[in-house]
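Input: a single structure, listed below in structure tokens.
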Amino acid sequence: MSKSYDPQEIEPRWQARWDEQQTFRARNPGDPDFDPDQPKYYVLDMFPYPSGAGLHVGHPEGYTATDILARARRKQGFNVLHPMGWDAFGLPAEQYAIQTGTHPNVSTNANIDNFRRQLKALGFSYDWSRELSTTHPRYVRWTQWIFARLYERGLAYLAEVPVWWCEQLGTVLANEEVIDGRSERGDFPCVRRPLKQWMLRITAYAQRLLDDLDGLDWPESVKTMQREWIGRSEGAEAEFDVVGHEVRIRVFTTRPDTLFGASFMVLAPEHPLVAQITTDAQRQAVADYQAQAAAKSELDRTDLAKEMTGVWTGAYALNPLYPEDDPRARLPVWIADYVIVTYGTGAIMAVPAGDERDARFAGVFGLPIPPIFAADTGDPERDARIRSGAECWSGPADYIHSSNDDLDLAGMDLAAAKQAVTGWLEARGRGAAKVTYRLRDWLFSRQRYWGEPFPVLHCEDGSIELVPDDQLPVELPAMSEFAPSGKAEPPLAKATEWLRATDSAGRPARRETNTMPNWAGSCWYYLRFMDPRNETALVAPEVERYWGPVDLYIGGTEHAVLHLLYARFWHKVLFDLGVVSTTEPFQKLYNQGMILSFAYQDARGATVAVDQAEEVADGEFRHKDSGEPLTRVVAKMSKTLKNVVNPDDVIHNFGADTLRLYEMYMGPLADPKPWNTKDVAGVHRFLNRVWRLVVPKEEGVDLRPNLRTEQAADPALERLLHRTVHKVTGDIDKLAFNTAIAAMIVWVNEATKAQDALSRSQIARFLGVLNPFAPHLTEELWSRLGLPGDASLAVWPEVDPAQLVDDDVELVVQVLGKLRGRIVVPNGSADADVLAAAREAVAEHLTGKTIVKEIVVPGRLVNFVVK
RNA sequence: GACCCUGUGGCGGAAUUGGCAGACGCAUCGGACUUAAAAUCCGAGAUCCGGAAACGGGUGUGUGGGUUCGAUUCCCACCGGGGUCACCA
1 MSKSYDPQEI
11 EPRWQARWDE
21 QQTFRARNPG
31 DPDFDPDQPK
41 YYVLDMFPYP
51 SGAGLHVGHP
61 EGYTATDILA
71 RARRKQGFNV
81 LHPMGWDAFG
91 LPAEQYAIQT
101 GTHPNVSTNA
111 NIDNFRRQLK
121 ALGFSYDWSR
131 ELSTTHPRYV
141 RWTQWIFARL
151 YERGLAYLAE
161 VPVWWCEQLG
171 TVLANEEVID
181 GRSERGDFPC
191 VRRPLKQWML
201 RITAYAQRLL
211 DDLDGLDWPE
221 SVKTMQREWI
231 GRSEGAEAEF
241 DVVGHEVRIR
251 VFTTRPDTLF
261 GASFMVLAPE
271 HPLVAQITTD
281 AQRQAVADYQ
291 AQAAAKSELD
301 RTDLAKEMTG
311 VWTGAYALNP
321 LYPEDDPRAR
331 LPVWIADYVI
341 VTYGTGAIMA
351 VPAGDERDAR
361 FAGVFGLPIP
371 PIFAADTGDP
381 ERDARIRSGA
391 ECWSGPADYI
401 HSSNDDLDLA
411 GMDLAAAKQA
421 VTGWLEARGR
431 GAAKVTYRLR
441 DWLFSRQRYW
451 GEPFPVLHCE
461 DGSIELVPDD
471 QLPVELPAMS
481 EFAPSGKAEP
491 PLAKATEWLR
501 ATDSAGRPAR
511 RETNTMPNWA
521 GSCWYYLRFM
531 DPRNETALVA
541 PEVERYWGPV
551 DLYIGGTEHA
561 VLHLLYARFW
571 HKVLFDLGVV
581 STTEPFQKLY
591 NQGMILSFAY
601 QDARGATVAV
611 DQAEEVADGE
621 FRHKDSGEPL
631 TRVVAKMSKT
641 LKNVVNPDDV
651 IHNFGADTLR
661 LYEMYMGPLA
671 DPKPWNTKDV
681 AGVHRFLNRV
691 WRLVVPKEEG
701 VDLRPNLRTE
711 QAADPALERL
721 LHRTVHKVTG
731 DIDKLAFNTA
741 IAAMIVWVNE
751 ATKAQDALSR
761 SQIARFLGVL
771 NPFAPHLTEE
781 LWSRLGLPGD
791 ASLAVWPEVD
801 PAQLVDDDVE
811 LVVQVLGKLR
821 GRIVVPNGSA
831 DADVLAAARE
841 AVAEHLTGKT
851 IVKEIVVPGR
861 LVNFVVK
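Numbers 1 to 867, taken from our numbering, label the letters of the first sequence in order.
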């Protein structure tokens, strides 16, 4: 047996043993050894996309956190579900296939094998018997099954919609995948194009998705992002007659109370009424502007700094609040690209006195600004400007010039005024209260090969039919040519044999050639983990009722909106179908922070790669070639900066336990933090000291003699151990792993100093709490001590509350808030006794002064306020 | 531009949520062990002033104000870093 701590030898051995013994298998209801009285704990990682590059050090950060929770809960008596799988459909595998000719299935499986090897080398306690891949036909079957249910409920439909088309990727992309007119993946330019696409009616669930956020234990920032993404806004729709036409312009506004201040109207350039209402005189100018707007990139159109542009259509609309012949009723109708066709009704009433954008537009084109507000800002000059319409105001104010024959807003507050105008419109059939959402329906098809096929048939008569459930899955055809045709025609269109099918009436039909987006598989994988091999149901109801919902879900912030919103949407549909028993999938969500790295910056602020810099003195860096001084900065890991850290290397040099411990010790889980290889040695030293507590250096002695049999415990070490166990237990619950580790280091430092006084029971209990953090080392020492069973399954040590309180406590004595002395008093002393001792301790600071006030904080301090 | 998060030694960070600022780790310095070095172990360490010294006194959590007996913690304004949304009517 090795005398020294040798992770390279220990770690693979224990990993193999856990595998063989299925140490971490979770029991399902119905399993022979299932214990219904055991509480359950479902702790889940956001499963990875198995990329060709393998794991980076960011992956083990969240995975170690969940693993510590899983291991601790198991030892605390929970039946723990802690699974892992692969989100394996997606563009990179297909791009790789296009470049190399390797079938995505082949490269994906190779990547999965590599990821699995790397994760196993980290010693994660996954129940590998539940491993799944979204690409596996047995999984695809149920993804398609869910789609079929969506279709049956009218939540999936085909629509001709303007979509983002990316020439280089040869596909359409969802709005979410396009940033500033360029593809998120690959950064290629994208253009808008109308195409027939599958859409999912997520908007039908907008209100429920919004309301149910309240009950979730999620970071506020993520809830806020989802709320903003859903973008509920309350207001009213109003209809405006157009002079000389039989049409009405409908607008949506959140401020119906400002309708009296409308002085013009603006339609989006793409608004369908534009052609109809434009006068001959303005036709050319309008056409020019429309062409100009269409040619503009999204980036230019949304650039806030740009000049306001627009053109008058020549038409007038009528403000419904005023009689037709009232001059205030006549509103010129403009088109301008600051109005977006896809939001609200694509048209607005412009109130320059109450809206910043309308005010700017009115300023540029010299349109009237009828004042409607008398505000009290505390600045008389400003108040005057607002009262005259010279300055725009949207805050609370008194209404002026806001009345007609039967409506007067004077004296009303905002809510009352909104309601009054909305009510007036409604009574006359000119409008109604209206709720609008920013959320759009979800574009759900992609023109790619490597995704789930749609389980639908296009029949000869143009109708659509679902593939019967008992014929699922519709598998992808074997193909060797994956390149997108570039004609908005998916690769599957070339699979001529596969395309041919027969509908329910026995007539020839054609399969759908689009595939589902990457998000589909990740929308419900957490459910399949509960019951991964069920052939008759997506998940058995009694199994779902037992495991659901996920108790803790950890992943990166990049999924704050899309994945988490889509999964919540599908979950709610499955709830309505009776497939799941909870309205929400993930009760508690936590985002780990990104692991950053160091890089360098020269005097001009340009970043310099790590291999170009050298440390010349403590904290002083120079450029290796030019010698110019550099400053160290924190940056994202990137190939160009040469600061990428590979987990395989860290495991090779220090072991998996050290890597796990270091990532948890770096700082708070949620914070972004820089990797510092020098610091890794610190936690490695700590593990070495733990090793030395059990295995002495001397040759011929395998175990410290004091640990062979139980001996009387050293009271001080015992006390500290109880505190340490208490601290670690609480910190694990709070996901505060960095401070838990600090507490364990303190104990080991003390135990090292009092090495011969350490007892067998004490080291066993300590290894018990260290085990979730450093499972291999603790198993090895547990086994060398001859302790029963596996450290991974041994029960969590108990804390004696009596050991947490001291007999005597030291209090700080302050005079006027300044530290002047210390006293030691019995714990729980009466205030009077404490004060007496305190007065004595700081007597010299009190002489000649009058005590005005005495403050006693039990167990902490005494403060004298003197004059 | 709006909203959210964040700012503590040379570095990563801690502080029971209003009560001894700097736990723990890295780096640094000193000591022990060693022929020597590494490794290991023990110890020092915010800063300024006075003192040979143990010690005493002042200052200190981005900056400026405020609340409080007491502020890293709460409030206001500003500055720096990060994130999200970005003409959403």
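Each residue gets a CB set at the ideal place from its N, CA and C atoms; glycine is no exception. Since the model is a prediction, treat every value here as computed from it, not as a measurement.
- Rounded to the nearest angstrom, the Cβ distance from Leu-552 to Lys-588 is 5 Å, consistent with a contact under 8 Å.
- The way I'd put it, the stretch 645–661 does touch the stretch 766–778; three or more beta-carbon pairs between them come closer than 8 Å.
- A buried status is given to Ala-262, since no fewer than 16 other beta-carbon atoms sit within 10 Å of its beta-carbon.
- Between the stretch 447–458 and the stretch 467–484, the count of Cβ pairs shorter than 8 Å is three or higher; the stretches touch.
- Gly-411 and Asp-398 have their C-alpha atoms some 6 Å from each other.
- Contact fails between the stretch 710–727 and the stretch 684–694, because fewer than three Cβ pairs, one in each stretch, are under 8 Å apart.
- Annotation for Ala-483: Ile-98, Gly-170, Pro-491 place their beta carbon closer than 8 Å to its own, counting only its chain and skipping 5 residues before and after.
- With a cutoff of 7 Å on beta-carbon distance, Thr-108 and Ala-121 are scored as not near each other.
- Between Leu-787 and Leu-707 the beta-carbon gap is near 10 Å, outside 8 Å, which marks them as no contact.
- In this structure Lys-624 touches Ala-613 by the C-beta definition: roughly 7 Å separates them, less than 8 Å.
- Runs of alpha helix (DSSP H) with 4 or more residues, each lying fully within the stretch 757–816, are found at 760–770, 775–784, listed in chain order.
- Of the candidates Arg-382, Arg-360, Ala-390, Asp-376, the residue whose Cα lies closest to the Cα of Pro-370 is Ala-390.
- Taken through DSSP and simplified to helix, strand or coil, Glu-160 comes out as strand.
- The alpha-carbon separation between Glu-61 and Leu-259 amounts to approximately 54 Å.
- With a cutoff of 7 Å on beta-carbon distance, Leu-44 and Tyr-449 are scored as not near each other.
- Pro-256 sits close to Thr-422, with the two beta carbons spaced by under 7 Å.
- Taken through DSSP and simplified to helix, strand or coil, Tyr-600 comes out as strand.
- Secondary structure note for Tyr-665: its alpha helix (DSSP H) is the uninterrupted segment 656–665.
- For Gly-627, the number of other beta carbons within 10 angstroms of its own is below 16, and it is reported as exposed.
- Secondary structure of Ile-335 (DSSP, three-state): strand.
- Taken in chain order, the complete alpha helix (DSSP H) segments of 4 or more residues contained in the stretch 213–256 are 220–230.
- Your pair Tyr-42 and Trp-547 checks out as a contact, with CB atoms roughly 5 Å apart and the cut at 8 Å.
- About 14 Å separates the Cβ atoms of Leu-195 and Val-178, ruling out a contact at the 8 Å cut-off.
- In this structure, Met-479 places its C-beta atom within 7 Å of the C-beta atom of Ala-495.
- Around the Cβ of Met-84, a 10 Å sphere holds 16 or more other Cβ atoms; the residue is buried.
- Per DSSP, Asp-187 is not a residue of any beta strand (DSSP E), being assigned neither H nor E.
- For Pro-629, the enclosing beta strand (DSSP E) starts and ends at 629–635.
- The straight-line gap separating the alpha-carbon atoms of Thr-709 and Trp-14 is approximately 25 Å.
- Of the residues Glu-840, Gly-821, Glu-844, the one whose Cα lies closest to the Cα of Leu-861 is Gly-821.
- One Cα belongs to Asn-534, the other to Asp-31, and the distance between them is close to 13 Å.
- Annotation for Lys-818: the continuous beta strand (DSSP E) segment containing it runs 818–826.
- Straight-line measurement puts the Cα of Tyr-338 at about 8 Å from the Cα of Met-308.
- If you draw a straight line from the Cα of Ala-206 to the Cα of Tyr-600, it comes to about 46 Å.
- Between Leu-669 and Phe-621, the beta carbon gap of about 30 Å keeps them out of contact (Cβ cut-off 8 Å).
- Close CB contacts of Val-824 within its chain, under the 6 Å cut and outside five residues either way in sequence, are with Asp-808, Glu-810 (chain order).
- Here the alpha carbon of Gly-789 sits roughly 9 Å from the alpha carbon of Trp-782.
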